[in-house]
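A.B. asks: Sending over a structure as structure tokens; questions will come in a sec.
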Amino acid sequence: MRSLDRRDVPLVATAVLLVALYAGVLVGYESARSLRFLVDLIKGNAAMGICAVGMTFVILSGGIDLSVGSVVALTTVLVGTLVAGGCHPLLAFCVGLAVAVSFGAATGYLIHKFSLPPFLVTLAGMFFARGAAFLVSMQPIAVDHPALDWIVDEVGFTAMIPGLGRTWVPATALLFLIVLALGVVLHRSTSFGRNVLAMGGDRQAALLMGVPLGATTVALYALSGLCAGLGGVTTALIDSAGKPNIGAGLELEAIASVVIGGTLLTGGAGSVVGTMMGVMITGIVRAVINLDGRLPSPWHHISIGLLLLGFIVMQQLLIRSAPAARGDEARSHR
């Protein structure tokens with residue numbers, strides 16, 4: 019039986035925490051003992067979760083993307099403006115996604131071409147995209163169209179789990195699940211996923227191995243932009259509106275979910291599956307505060323902050339102990 023790798027410890031810790039949290043919710047709150055609770059959890063965190071999938075790849079490469087919340091807002095107001103102007107929602111979605119992908123690709127190009135720090139480039143992108151959202155519309159725009167009503171009401175499927183009952187899984191939750199599945203495949207079964215891990219592990223070694231750093235960097239941030247755009251589409255469907263001020267702080271919640279999910283901030287180790295668990299953990303914490311009613315909503319952010327700090331400390335301990343572990347292993351082979 020293979021012994022547990024050090025890089026797997028954060029993921030195992032995340033899984034244990036998720037199981038413990040969910041078990042506690044099941045014991046403490048009767049309303050959580052249904053499939054409807056799980057579906058509402060997925061739906062309520064769909065936009066942030068989709069953004070977190072894209073963020074996972076960026077952080078795996080050793081980068082960061084602070085612009086995703088603003089890109090979500092820009093996408094929603096573009097969709098709202100186009101639909102209000104008579105454009106079909108599907109075409110409006112395509113335009114919004116094209117802008118989001120182009121924005122991400124441009125970010126990746128600037129980072130690679132001029133060797134700029136991702137933090138600063140995406141920070142500038144955050145302000146730029148937010149300003150562009152307000153430039154398109156200073157006020158929220160209602161997204162109202164029969165096609166949107168059909169998507170919200172008819173697209174989805176009925177799920178059933180013994181003991182938890184039966185419920186309808188809407189299009190927004192379904193989109194989140196599809197993006198998660200595609201993210202897992204992209205990470206585990208493609209050369210792109212392997213290139214991202216190589217970049218995060220050792221950028222210079224990746225270059226010597228023939229990894230196309232420029233193309234991979236552009237593709238990385240384009241993927242993050244695509245996920246942010248899909249997050250914007252999801253938000254527009256849920257809120258039936260485009261809002262230039264929405265998504266503030268969403269990028270930080272996405273980063274927190276990725277780190278709580280076991281992905282190293284230094285890059286090179288992590289998984290989309292872990293990110294999914296991180297999203298569920300943050301969602302359960304919020305749901306518990308809402309169900310309990312005795313704690314004010316700020317406790318959600320306090321709880322996530324404490325969890326994030328704990329996982330960062332764990333990561334640093336693992337990183338610092340890795341050289342010593344390798345040295346002990348080398349001495350054992352002499």
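Here the sequence shown is numbered in the working numbering, starting from 19 and rising by one per residue.
The beta carbon of each residue, even a glycine, is placed where N, CA and C say it ideally should be.
Given the structure is predicted, the values throughout are model-derived calculations rather than measurements.
P164 by DSSP, collapsed to three states: which one?
C.D. replies: P164: helix per DSSP, three-state reduction.
A.B. asks: So the alpha helix (DSSP H) A124 belongs to, where does it begin and stop?
C.D. replies: Unbroken alpha helix (DSSP H) run through A124: 107-131.
A.B. asks: Taking the Cβ atom as the reference point for each residue, do A41 and G265 lie within a distance shorter than 8 angstroms?
C.D. replies: No, Cβ-Cβ distance for A41 and G265 is not below 8 angstroms.
A.B. asks: Which of the three DSSP states is assigned to A287 in this structure?
C.D. replies: A287 falls in the coil class under three-state DSSP.
A.B. asks: Can you give me the C-alpha to C-alpha distance between G149 and T140, rounded to a whole angstrom?
C.D. replies: Near 14 angstroms, if we compare the C-alpha coordinates of T140 and G149.
A.B. asks: Any chance you could list the beta strand (DSSP E) runs of at least 3 consecutive residues sitting entirely within the region 139-213, in chain order?
C.D. replies: Qualifying beta strand (DSSP E) stretches, in chain order: 174-179, 183-188.
A.B. asks: Report the three-state DSSP secondary structure of A223 (helix, strand or coil).
C.D. replies: A223: helix per DSSP, three-state reduction.
A.B. asks: Assign V30 to one of two classes, buried (16 or more other C-beta atoms within 10 Å of its C-beta) or exposed (fewer than that).
C.D. replies: With fewer than 16 other Cβ atoms within 10 Å, it is exposed.
A.B. asks: Under a three-way DSSP split, which group does G72 fall into?
C.D. replies: Of the three classes helix, strand and coil, the one that applies to G72 here is helix, per DSSP.
A.B. asks: Given a threshold of 16 other Cβ atoms within 10 Å of its Cβ, counted over all protein chains shown, does E172 qualify as buried or as exposed?
C.D. replies: By the 10 Å Cβ count, E172 comes out exposed.
A.B. asks: How would you label K61, buried or exposed, when you count the other beta carbons within 10 angstroms and need 16 or more for buried?
C.D. replies: Buried, because 16 or more other Cβ atoms sit within 10 Å of the Cβ of K61.
A.B. asks: Could you tell me which residues DSSP pairs with A259 in its beta bridges?
C.D. replies: BP columns for A259 point to A160.
A.B. asks: Heavy atom of the ligand HEM less than 7 angstroms from the Cβ of A31, yes or no?
C.D. replies: As for the ligand HEM, it is missing from this structure, which has no ligand bound.
A.B. asks: For S242 versus F75, is the C-beta spacing smaller than 8 angstroms?
C.D. replies: Taking 8 angstroms as the Cβ cut-off, S242 and F75 qualify as a contacting pair.
A.B. asks: Once the 5 residues before and after G103 are set aside, which same chain residues still bring their CB inside 7 angstroms of it?
C.D. replies: Answer for G103: no residue qualifies.
A.B. asks: Which of the three DSSP states is assigned to S79 in this structure?
C.D. replies: Here S79 sits in coil by DSSP.
A.B. asks: Suppose you measure from the CA of G250 to the CA of V331; what does that come to, to the nearest Å?
C.D. replies: C-alpha separation (whole angstroms): 32 angstroms.
A.B. asks: Mark I82 as exposed unless 16 or more other C-beta atoms lie within 10 angstroms of its C-beta, in which case mark it buried.
C.D. replies: With 16 or more other Cβ atoms within 10 Å, it is buried.
A.B. asks: Alpha carbons only, please: which of P136, V203, V57, T99 is nearest the one belonging to A191?
C.D. replies: Nearest of P136, V203, V57, T99 to A191, Cα basis: V57.
A.B. asks: Should G72 and T284 be called a contact, given that it needs their Cβ atoms to be closer than 8 angstroms?
C.D. replies: No.
A.B. asks: Write down the C-beta distance between A259 and P180 rounded to the nearest angstrom, noting that I regard them as a contact closer than 8 angstroms.
C.D. replies: 38 angstroms between Cβ atoms; not a contact.
A.B. asks: Could you give the residue range of the alpha helix (DSSP H) that holds V30?
C.D. replies: It spans 27-46 - the alpha helix (DSSP H) in which V30 sits, taken as one unbroken run.
A.B. asks: Can you check whether the CB of V161 is closer than 8 angstroms to the CB of P188?
C.D. replies: For P188 and V161, no; Cβs fall outside 8 angstroms.
A.B. asks: Using the Cβ count rule (16 or more neighbours within 10 Å means buried), how would you classify G296?
C.D. replies: Buried, by the Cβ-count rule.
A.B. asks: What's the C-alpha gap between L44 and L100?
C.D. replies: Their Cα atoms are separated by approximately 44 angstroms.
A.B. asks: Is it right to say P314 is buried, meaning 16 or more other beta carbons lie within 10 angstroms of its own, or is it exposed?
C.D. replies: Its Cβ having fewer than 16 others within 10 Å, P314 is exposed.
A.B. asks: Under a Cβ-count criterion, where at least 16 other Cβ atoms within 10 Å of its own Cβ denotes burial, should V34 be classed as buried or exposed?
C.D. replies: Answer is exposed; the Cβ neighbour count stays below 16.
A.B. asks: Along the chain, where does the alpha helix (DSSP H) that runs through R54 open and close?
C.D. replies: Segment 53-62, the alpha helix (DSSP H) holding R54.
A.B. asks: Assign V37 to one of two classes, buried (16 or more other C-beta atoms within 10 Å of its C-beta) or exposed (fewer than that).
C.D. replies: So V37 counts as exposed.
A.B. asks: Rounded to the nearest angstrom, what separates F194 and G67 at their Cα positions?
C.D. replies: Approximately 7 angstroms, taken between the alpha carbons.
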